[in-house]
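Trainee: Position one of the sequence shown corresponds to residue 894 (this note's numbering), numbered consecutively onward.
For glycine and all other residues, C-beta sits at the position ideal for the given N, C-alpha and C.
One structure follows; several queries about it will come next.
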Amino acid sequence: MSSHPLPWSGAAADVAELLRQRTGLVFGEARRTALEAGLGRAMRRIRVTDPAVYLARLAAEPPLLDDLVGEITVGETYFFRDPQQFAVIRDDVVPDLLSRWARDRPLRAWSAGCATGEEPYTLAIVLREQGLAGAAHIVATDLSRTALAQARRALYTRWSLRGVSDDVVQTYFERVGDRFALAAAVRDAVEFRYLNLAEDTYPSLATGIWGMDLILCRNVLIYFDGETVARVARRLMDSLRDDGWLLLGGSDPPLAGLVPSDVVLTGAGLAYRRPGRGAIRPRATDVVAATFPLPPFAEPLATKRPAPSPVPPPRGEPRREPVRGERESLVQEQQALDDAADATRCYAERDYERAAELARRLVQRDGSDPALWVVLVRALANRGELEAAGRACAAALDRHRTATELVYLHALLLSEAGRHAEAAAAARRALYLDRWLVVAHLALGAAFARLGEVDGACRAFRNAKRLLTGMPPGEIVPASDGQAAGRLAEMARVQLQLLGEAAA
Ligand SMILES: C[S@@+](CC[C@H](N)C(=O)[O-])C[C@H]1O[C@@H](n2cnc3c(N)ncnc32)[C@H](O)[C@@H]1O
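Shown next, in the form of C-alpha cells:
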C-alpha cells in the first residue's frame, strides 16, 4: 500500500499511510507512540476493536478520519500563543494593510488550522484593540469537527488563557463556573468552516477562501510531508491578495524556494508576502460603470444594449474571398476565441491577474457571453479585488439579469462586503432561477448564519446537503469552482453541526 515505507508495520502503519494520503500528515518513528495512543482512543470511541475493520471504515467515512486527526494533532494552542507574532501583526502587518485599505471592503483574514479557536479569537481581539471591530472578516478553518465545535462554543479553561493578561481576561471573558466564556462580540467576529488543507478546495469562492489580506497558518505545516508542504504553501499564497501576508509558526518549515513570495524578516521570525503586481484598477473607459461597487439587485444599472452580432451568411451561398474589412473582423473574432480559451485556462491555472485582464478585454469588446463575465468576476474576487469584482458583477447583471451564476456570485460578493441581508436576497433570487443550484443554497445558508438566523441557515444547508448526497461524491458541482459533491456535502454537514443541528 505504501509508496513511502514506514519504519513499523501493522495496523498503525496502514493508518499512518492513509492519513498521509488524505491529509498530508506524516508520522515518523518519533511520533509513533502519539499515533498509536490516538488510534486507540479513536477506536474505543466508536467501539471497534479490530484494526482491519477500523481501517476500512476510516477509508470510507470522512468524519472518522477527521476525528482521528483531531486526536493526534490538536494539541497545543492557547490565546496569544507566540505573543511576539501578535505584536508584529499589531505593529507591522495591520499598519501596512491599513495604508493600502480604501475602507470599501472588509479586511480579510484566515486562520488555517485554527484548532479550538484560540488563534482566530486572539486575532479578533488584536484587531478590535486597534479600532477595527467590525471592519474585518475572520475565517477560521480546521479539519477536526470536534475542535471546530469547541471553537464555536468559545468556552475555555484557565489553561487556554495562560498567555493572557488579567486586563484582557476581564475585558473579553466572563467567568462561568470554572470556565471562561468569550464575549459574544469577539465570538461573532469569527466564522468557522471545515477545510482540509491537503485538498485542492482553495482558493475558491465556494469555500470562502480567497483574496485574504492576512493568513495565519501556524503549527500545522510542521505535521506535513515535504510534498504536501509545497502544495499547501502554493495554495496559501494563491489565497492571498497581492502584498497580503502569510505568517507561519516558529517551528514550521521555511517556504523560501517553495513558492514565489517576498520574505520579510520581522521581530518574530520570517513572514511571507504575495509579491504585489499592482492592483487592477478600473479605468474611465472600463466596463465597470457603477458608481459604487455592489448595488442592490433590485436597482440594476442603466441597460446598455449589446452590440449586434454579425449576421452569418445564408447556407449554400457560394464561398468568396473575404474583402479586407471582413478579413480584419475574422482575425479579430479568432483572436477573441483564443483570448476566451486563454482566459479560462489562466483561471484554471490560478493566474487570476492574466485571466481578469483577458476576460475584461473580451467583455469590453462584446459583453454578450455571461461565461466571460463569470471568469472576470471570479478572477477579480480571487485576487481580493472585491470592489472591482462587485462592479464587474453589477455591470454583468445589468446585461444578464437572469444568468444564475452571476446572481449567485453577486450574493457571495454582497456577503463578503458584510451585506448579509442583501446577500440572502440575491441567493434566493439565484434559487428562484434554478432551485437545484447547490452553491446558492450554501450561500444562502452562510448569509443566514452571519445574520444569526439559525433556522433559515439550517434549512438552506440541509437543502444543499440533500442535493449533494444525491450526487456521486466525485462529481463536480456546477458553479462551484471545481468542487466535488462529496467535499461540499462534508462542508454542509459540518456547518449544520456547528449550527447545533444534532441530526446532521
Ligand atoms: C497544533 S494545532 C495548531 C493550532 C493553532 N494554529 C496554533 O498554532 O495555536 C494544529 C491544527 O491543525 C489541524 N490540521 C492538521 N492537519 C490538517 C489538515 N490537513 N487540514 C486542516 N487542518 C489540519 C489540526 O486539526 C489541528 O487543529
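1. In chain order, what residues of the same chain lie with their CB nearer than 8 Å to the CB of ALA1042, ignoring the 5 residues before and after it?
2. For my contact list, ALA1040 and ALA1008 are in at a C-beta cut-off of 8 Å; report their separation, rounded to the angstrom.
3. For ALA1161, is the beta carbon positioned less than 7 Å from some heavy atom of ligand 1?
4. Examine the Cβ distances between the region 1021-1036 and the region 998-1008 and report whether three or more of them are shorter than 8 Å.
5. Could you tell me whether the Cβ atoms of ALA1304 and ALA1333 are closer together than 8 Å?
6. Label ARG1220 either buried or exposed according to how many other C-beta atoms from any shown protein chain fall within 10 Å of its C-beta, with 16 as the threshold for buried.
7. How long is the line joining the alpha carbons of ARG1046 and ARG1292, rounded to whole angstroms?
8. Which of the three DSSP states, helix, strand or coil, is assigned to TRP1138?
9. Drop a sphere of 10 angstroms on the beta-carbon of TYR947, count the other beta-carbons inside from all chains shown, and report buried for 16 or more, exposed for fewer.
10. Buried or exposed for PRO1096, going by 16 or more other Cβ atoms inside 10 Å?
11. Is TYR1049 near ligand 1, with its Cβ less than 7 Å from a heavy atom?
12. Exposed or buried, which one is THR1184 when buried takes at least 16 other CB atoms within 10 Å?
13. Only counting the same chain, and skipping five residues up and downstream in sequence, which positions put a Cβ closer than 8 Å to that of ASP1145?
14. Keeping to the same chain, check which residues put their C-beta closer than 6 Å to that of GLY1277; ignore five residues upstream and five downstream.
15. Can you tell me whether THR1362 is buried or exposed? The criterion is at least 16 other CB atoms within 10 Å of its CB, across all chains shown.
16. Is the CB-CB distance between ALA1248 and VAL1224 below 8 Å?
17. ASP997: which of LEU1326, ASP1093, ALA1287, ALA1281 sits nearest, CA to CA?
18. Mapping DSSP to helix, strand and coil, what is GLU1067?
19. Nearest-angstrom Cα distance between ALA906 and GLY931?
20. Looking at the secondary structure, which residues open and close the beta strand (DSSP E) in which SER1004 lies?
21. Among LEU958, ASP975, GLU1383, ALA1264, which one has its Cα closest to the Cα of LEU1054?
22. Rounded to whole angstroms, how far is the Cβ of LEU1098 from the Cβ of ALA1126, which I believe are closer than 8 Å?
23. Among ARG925, ALA1044, ARG1038, which one has its Cα closest to the Cα of TYR1014?
24. Taking the beta strand (DSSP E) that ALA1033 falls in, what are its first and last residues?
25. Can you name the residues that DSSP bridges to ASP1155?
26. Output needed for GLU1413: all residues of its chain with C-beta closer than 8 Å, excluding positions within five of it in sequence on either side, in chain order.
27. Please identify the residue among LEU1290, GLY1393, GLY1119 whose C-alpha is closest to the C-alpha of THR916.
28. Kindly provide the ranges of any alpha helix (DSSP H) runs that are 4 or more residues long and lie completely inside the region 1062-1115, ordered along the chain.
29. Sorted by chain position, which residues of the same chain lie with C-beta nearer than 7 Å to ALA952's C-beta, five sequence neighbours on each side aside?
30. By Cβ distance below 7 Å, which residues in the same chain neighbour PHE1341 in space, the five residues on each side in sequence not counted?
31. Rounded to whole angstroms, what is the Cα-Cα separation between ARG1166 and ARG1068?
32. Which whole runs of the alpha helix (DSSP H) in the region 1257-1291 are 4 residues long or more, in chain order?
33. How many whole angstroms separate the CB atoms of VAL1300 and ALA1287, which I take to be in contact at a CB cut-off of 8 Å?
34. Counting C-beta neighbours from all protein chains within 10 Å, is the total for ALA1378 16 or more, i.e. buried, or is it exposed?
35. Taking 7 Å as the cut-off, is the C-beta of GLY1137 nearer than that to any heavy atom in ligand 1?
36. For a quick check, are the C-beta atoms of ALA1252 and ALA1272 less than 8 Å apart?
Mentor: Let me lay it out:
1. The sequence position of residue 1042 within the sequence shown is 149, counting from 1. Only GLN1390, LEU1391 meet the Cβ criterion.
2. For the purposes of this step, residue 1040 is taken as residue 147 along the sequence shown, with counting starting at 1. For the purposes of this step, residue 1008 is taken as residue 115 along the sequence shown, with counting starting at 1. Yes, ALA1040 and ALA1008 are in contact; Cβ-Cβ is about 5 Å, under 8 Å.
3. Here residue 1161 refers to the residue found at position 268 of the sequence shown. No, Cβ of ALA1161 sits at least 7 Å from all heavy atoms of ligand 1.
4. yes
5. Locating residue 1304 in the sequence shown gives position 411, counting from the first residue. Locating residue 1333 in the sequence shown gives position 440, counting from the first residue. Yes, Cβ-Cβ distance for ALA1304 and ALA1333 is below 8 Å.
6. Translated into the one-based positions of the sequence shown, residue 1220 becomes position 327. The residue in question, ARG1220, is exposed, as its Cβ has fewer than 16 Cβ neighbours within 10 Å.
7. To locate residue 1046, count along the sequence shown from 1; it is residue 153. To locate residue 1292, count along the sequence shown from 1; it is residue 399. One C-alpha to the other measures close to 45 Å.
8. As a working mapping, residue 1138 is identified with position 245 in the sequence shown. In this structure, TRP1138 counts as strand in the three-state DSSP scheme.
9. Along the sequence shown, one-based indexing puts residue 947 at 54. Buried, by the Cβ-count rule.
10. As a position in the sequence shown, residue 1096 is number 203, starting the count at 1. PRO1096 is buried by the Cβ-count criterion.
11. Locating residue 1049 in the sequence shown gives position 156, where the first residue counts as 1. Because no heavy atom of ligand 1 lies under 7 Å away, the Cβ of TYR1049 does not count as near it: no.
12. Taking the first residue of the sequence shown as 1, we reach residue 1184 at position 291. Any reading at THR1184 must be qualified, since the residue scores a pLDDT of 27, below 50, and its modelled position is unreliable; the value itself is stated next. THR1184 should be labelled exposed.
13. Working through the sequence shown from its first residue, we reach residue 1145 at position 252. Correct list, in chain order: CYS1110, ARG1111, ASN1112, VAL1113, LEU1114, ILE1115.
14. On the sequence shown, position 384 is the one that residue 1277 refers to. The residues are GLY1104, ARG1134.
15. To locate residue 1362, count along the sequence shown from 1; it is residue 469. THR1362 should be labelled exposed.
16. Walking along the sequence shown from the start, residue 1248 turns up at place 355. Walking along the sequence shown from the start, residue 1224 turns up at place 331. Not closer than 8 Å, so no.
17. Residue mapping note: residue 997 aligns to position 104 of the sequence shown, counting from 1. Nearest C-alpha to ASP997: ALA1281.
18. Sequence index remark: in the sequence shown, residue 1067 carries index 174 (1-based). GLU1067: strand per DSSP, three-state reduction.
19. Here residue 906 corresponds to residue number 13 of the sequence shown, with the count starting at 1. Here residue 931 corresponds to residue number 38 of the sequence shown, with the count starting at 1. The straight-line gap from Cα to Cα measures roughly 13 Å.
20. What you label residue 1004 is simply residue 111 of the sequence shown in a count that begins at 1. Note, SER1004: beta strand (DSSP E), 1000-1005.
21. Position 161 of the sequence shown, counting from 1, holds the residue named residue 1054. Looking at the Cα atoms, ASP975 is the closest of the given residues.
22. Start at 1 with the first residue of the sequence shown, and residue 1098 comes out as number 205. Start at 1 with the first residue of the sequence shown, and residue 1126 comes out as number 233. 21 Å between Cβ atoms; not a contact.
23. Taking the first residue of the sequence shown as 1, we reach residue 1014 at position 121. For TYR1014, the nearest C-alpha among the options comes from ALA1044.
24. Indexing the sequence shown from 1 puts residue 1033 at position 140. Taken as a continuous stretch (DSSP letters only), the beta strand (DSSP E) holding ALA1033 covers 1029-1035.
25. Translated into positions along the sequence shown, residue 1155 becomes position 262. Note: ASP1155 sits in a beta bridge opposite ARG1166.
26. This structure does not reach residue 1413, given that the chain is present from 894 up to 1397, and the question cannot be answered.
27. Looking up residue 916 in the sequence shown gives position 23. The residue with the shortest Cα to Cα distance from THR916 is GLY1119.
28. 1077-1080
29. The sequence position of residue 952 within the sequence shown is 59, counting from 1. Closer than 7 Å at Cβ, skipping near neighbours: LEU911.
30. The residue labelled residue 1341 in the question sits at position 448 within the sequence shown. So the list reads ALA1317, GLY1349, ALA1350, ALA1353, once near-sequence residues are dropped.
31. By one-based count along the sequence shown, residue 1166 stands at place 273. By one-based count along the sequence shown, residue 1068 stands at place 175. One C-alpha to the other measures close to 39 Å.
32. 1263-1275
33. Residue numbering aside, residue 1300 sits at position 407 when the sequence shown is read from its first letter. Residue numbering aside, residue 1287 sits at position 394 when the sequence shown is read from its first letter. In fact, because the Cβ distance is near 12 Å, the residues do not count as touching under 8 Å.
34. Along the sequence shown, one-based indexing puts residue 1378 at 485. Flag for ALA1378 reads buried.
35. Within the sequence shown, numbered from 1, the residue matching residue 1137 stands at position 244. No - ligand 1 has no heavy atom lying nearer than 7 Å to the Cβ of GLY1137.
36. One-based indexing of the sequence shown puts residue 1252 at position 359. One-based indexing of the sequence shown puts residue 1272 at position 379. Contact flag set, yes.
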